[in-house]
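Just so you know, we're using the working numbering here: the sequence shown kicks off at 999 and counts up by one. Using N, Cα and C, we set each Cβ at its ideal position, and we do this for glycine too. Structure record follows, encoded as C-alpha coordinates.
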Amino acid sequence: MKFSELLSPENVINNVHADSKKSVLELISKQITQNTADIKYEQIFESLVNREKLGSTGIGHGVAIPHGRIKNLSKPIAAFVCLRNAIDFQANDNRPVDLFFALLVPDQDENKYLEILSEIAEKFSNKDFRAQLRQAKDNEELYKVLIS
999 MKFSELLSPE NVINNVHADS KKSVLELISK QITQNTADIK YEQIFESLVN REKLGSTGIG
1059 HGVAIPHGRI KNLSKPIAAF VCLRNAIDFQ ANDNRPVDLF FALLVPDQDE NKYLEILSEI
1119 AEKFSNKDFR AQLRQAKDNE ELYKVLIS
(Lines of atoms letter the chains of each structure in order from A and count residues from 1; the text may use other names and numbers.)
(Lines give C-alpha, C1' and ligand atoms only; values in the text may rest on other atoms or scores of the structure.)
Protein backbone atom coordinates (compact mmCIF):
# COMPACT_ATOMS: atom_id res chain seq x y z
CA MET A 1 0.00 0.00 0.00
CA LYS A 2 1.37 3.39 -0.95
CA PHE A 3 1.94 5.97 1.78
CA SER A 4 -0.23 8.37 -0.24
CA GLU A 5 -3.18 5.99 0.33
CA LEU A 6 -2.66 6.06 4.11
CA LEU A 7 -1.47 9.57 4.74
CA SER A 8 -3.06 12.93 4.01
CA PRO A 9 -0.97 16.12 3.97
CA GLU A 10 -2.99 17.36 6.97
CA ASN A 11 -1.69 14.48 9.08
CA VAL A 12 1.99 15.33 8.55
CA ILE A 13 3.65 17.59 11.12
CA ASN A 14 7.25 18.75 11.06
CA ASN A 15 9.45 20.33 13.72
CA VAL A 16 7.12 20.02 16.71
CA HIS A 17 7.88 19.63 20.39
CA ALA A 18 6.96 16.67 22.56
CA ASP A 19 8.83 15.69 25.69
CA SER A 20 7.51 12.21 26.44
CA LYS A 21 5.97 9.10 24.93
CA LYS A 22 2.58 10.18 26.26
CA SER A 23 2.80 13.68 24.78
CA VAL A 24 3.73 12.43 21.30
CA LEU A 25 0.86 9.91 21.36
CA GLU A 26 -1.48 12.73 22.43
CA LEU A 27 -0.21 14.89 19.57
CA ILE A 28 -0.75 12.09 17.05
CA SER A 29 -4.23 11.34 18.41
CA LYS A 30 -5.28 15.01 18.24
CA GLN A 31 -3.95 15.40 14.70
CA ILE A 32 -5.84 12.39 13.37
CA THR A 33 -9.02 13.39 15.21
CA GLN A 34 -8.94 16.88 13.69
CA ASN A 35 -8.78 15.45 10.18
CA THR A 36 -10.97 12.34 10.46
CA ALA A 37 -14.65 12.72 11.22
CA ASP A 38 -15.51 9.18 12.32
CA ILE A 39 -12.87 8.58 15.03
CA LYS A 40 -12.80 9.95 18.54
CA TYR A 41 -9.60 11.13 20.24
CA GLU A 42 -10.07 8.69 23.14
CA GLN A 43 -10.31 5.72 20.77
CA ILE A 44 -7.06 6.61 19.06
CA PHE A 45 -5.10 7.48 22.19
CA GLU A 46 -6.29 4.39 24.06
CA SER A 47 -5.46 2.11 21.13
CA LEU A 48 -1.93 3.55 20.76
CA VAL A 49 -1.23 3.45 24.51
CA ASN A 50 -2.51 -0.11 24.86
CA ARG A 51 -0.20 -1.24 22.06
CA GLU A 52 2.78 0.51 23.67
CA LYS A 53 2.04 -1.37 26.91
CA LEU A 54 2.80 -4.60 25.03
CA GLY A 55 6.24 -3.27 24.10
CA SER A 56 7.71 -0.20 22.50
CA THR A 57 7.02 0.40 18.83
CA GLY A 58 10.42 2.10 18.55
CA ILE A 59 12.14 0.11 15.80
CA GLY A 60 15.55 1.78 15.96
CA HIS A 61 17.48 4.49 14.12
CA GLY A 62 15.28 7.17 15.69
CA VAL A 63 12.06 5.71 14.28
CA ALA A 64 8.85 4.53 15.95
CA ILE A 65 5.71 3.09 14.37
CA PRO A 66 2.96 3.49 16.98
CA HIS A 67 -0.05 1.54 15.78
CA GLY A 68 -3.42 0.29 16.85
CA ARG A 69 -6.71 -1.16 15.78
CA ILE A 70 -9.88 0.90 15.78
CA LYS A 71 -13.37 -0.55 15.84
CA ASN A 72 -15.57 0.51 12.90
CA LEU A 73 -12.73 2.28 11.09
CA SER A 74 -13.49 2.13 7.36
CA LYS A 75 -9.89 2.02 6.08
CA PRO A 76 -6.30 2.30 7.35
CA ILE A 77 -5.18 5.82 8.24
CA ALA A 78 -1.81 7.25 9.23
CA ALA A 79 -0.10 10.31 10.64
CA PHE A 80 3.55 11.32 10.59
CA VAL A 81 5.36 13.48 13.14
CA CYS A 82 8.95 14.69 13.03
CA LEU A 83 10.02 16.07 16.40
CA ARG A 84 12.32 19.04 16.84
CA ASN A 85 14.24 17.06 19.48
CA ALA A 86 14.29 13.27 19.80
CA ILE A 87 12.80 11.69 22.94
CA ASP A 88 13.25 8.44 24.82
CA PHE A 89 10.73 5.95 23.43
CA GLN A 90 12.33 2.75 24.74
CA ALA A 91 13.33 1.81 21.18
CA ASN A 92 14.96 -1.56 20.62
CA ASP A 93 18.35 0.10 19.99
CA ASN A 94 17.94 2.44 23.01
CA ARG A 95 18.38 5.51 20.77
CA PRO A 96 16.03 8.50 21.13
CA VAL A 97 13.23 8.77 18.57
CA ASP A 98 12.28 11.77 16.42
CA LEU A 99 10.39 10.14 13.51
CA PHE A 100 6.93 8.73 14.26
CA PHE A 101 4.76 7.03 11.64
CA ALA A 102 1.46 6.23 13.36
CA LEU A 103 -0.88 3.69 11.81
CA LEU A 104 -4.50 2.93 12.64
CA VAL A 105 -6.29 0.03 10.99
CA PRO A 106 -9.78 -1.49 11.13
CA ASP A 107 -9.84 -4.04 13.95
CA GLN A 108 -11.10 -6.82 11.69
CA ASP A 109 -8.29 -6.72 9.10
CA GLU A 110 -5.34 -8.61 10.66
CA ASN A 111 -3.53 -9.65 7.46
CA LYS A 112 -3.62 -6.18 5.89
CA TYR A 113 -2.46 -4.72 9.22
CA LEU A 114 0.68 -6.86 9.31
CA GLU A 115 1.38 -6.27 5.62
CA ILE A 116 1.21 -2.47 6.01
CA LEU A 117 3.40 -2.52 9.14
CA SER A 118 5.99 -4.55 7.27
CA GLU A 119 5.99 -2.09 4.35
CA ILE A 120 6.40 0.88 6.70
CA ALA A 121 9.28 -0.77 8.58
CA GLU A 122 11.00 -1.63 5.30
CA LYS A 123 10.76 1.94 4.00
CA PHE A 124 12.12 3.38 7.27
CA SER A 125 15.05 0.96 7.24
CA ASN A 126 16.52 3.08 4.43
CA LYS A 127 19.13 5.46 5.87
CA ASP A 128 18.81 7.96 3.01
CA PHE A 129 15.02 8.10 3.39
CA ARG A 130 15.36 8.87 7.12
CA ALA A 131 17.94 11.58 6.36
CA GLN A 132 15.63 13.23 3.81
CA LEU A 133 12.81 13.29 6.36
CA ARG A 134 15.02 14.92 8.96
CA GLN A 135 16.18 17.55 6.46
CA ALA A 136 12.67 18.57 5.35
CA LYS A 137 12.01 22.24 6.06
CA ASP A 138 8.22 22.18 6.42
CA ASN A 139 5.12 19.96 6.43
CA GLU A 140 4.73 20.10 2.66
CA GLU A 141 8.31 19.02 1.96
CA LEU A 142 8.01 16.29 4.57
CA TYR A 143 4.84 14.96 2.91
CA LYS A 144 6.53 14.94 -0.51
CA VAL A 145 9.43 12.89 0.86
CA LEU A 146 7.04 10.45 2.55
CA ILE A 147 5.01 9.74 -0.58
CA SER A 148 7.98 9.64 -2.98
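> Would you report the Cα separation of Phe-1043 and Arg-1132, rounded to the nearest angstrom?
Replying inline: One C-alpha to the other measures close to 25 Å.
> Smallest Cα separation from Asn-1124: which of Ile-1057, Glu-1108, Lys-1069, Arg-1049?
Replying inline: For the options Ile-1057, Glu-1108, Lys-1069, Arg-1049, the alpha carbon positioned closest to that of Asn-1124 is the one of Ile-1057.
>> Pull the bridge partners of His-1059 from the DSSP assignment, please.
In response: His-1059 pairs with nothing; no bridge assigned.
>> Bridge partners for Leu-1046 per DSSP, in chain order?
In response: Paired residue(s): none; Leu-1046 is not in a bridge.
>> Does Gly-1060 pass the burial test, meaning 16 or more other C-beta atoms within 10 Å, or should it be called exposed?
In response: Looking at its Cβ environment, which holds 16 or more other Cβ atoms inside 10 Å, Gly-1060 is buried.
> How about Asp-1107 and Pro-1074: do their beta carbons lie closer than 9 Å?
Replying inline: Their beta carbons are under 9 Å apart, which means Asp-1107 touches Pro-1074 by this criterion.
> Who are the near neighbours of Lys-1028 in its chain, counting only those whose CB is closer than 8 Å to its CB and skipping five residues on each side?
Replying inline: Spatial neighbours of Lys-1028 in its own chain (CB-CB distance under 8 Å, excluding positions within 5 residues in sequence) are listed in chain order as Tyr-1039.
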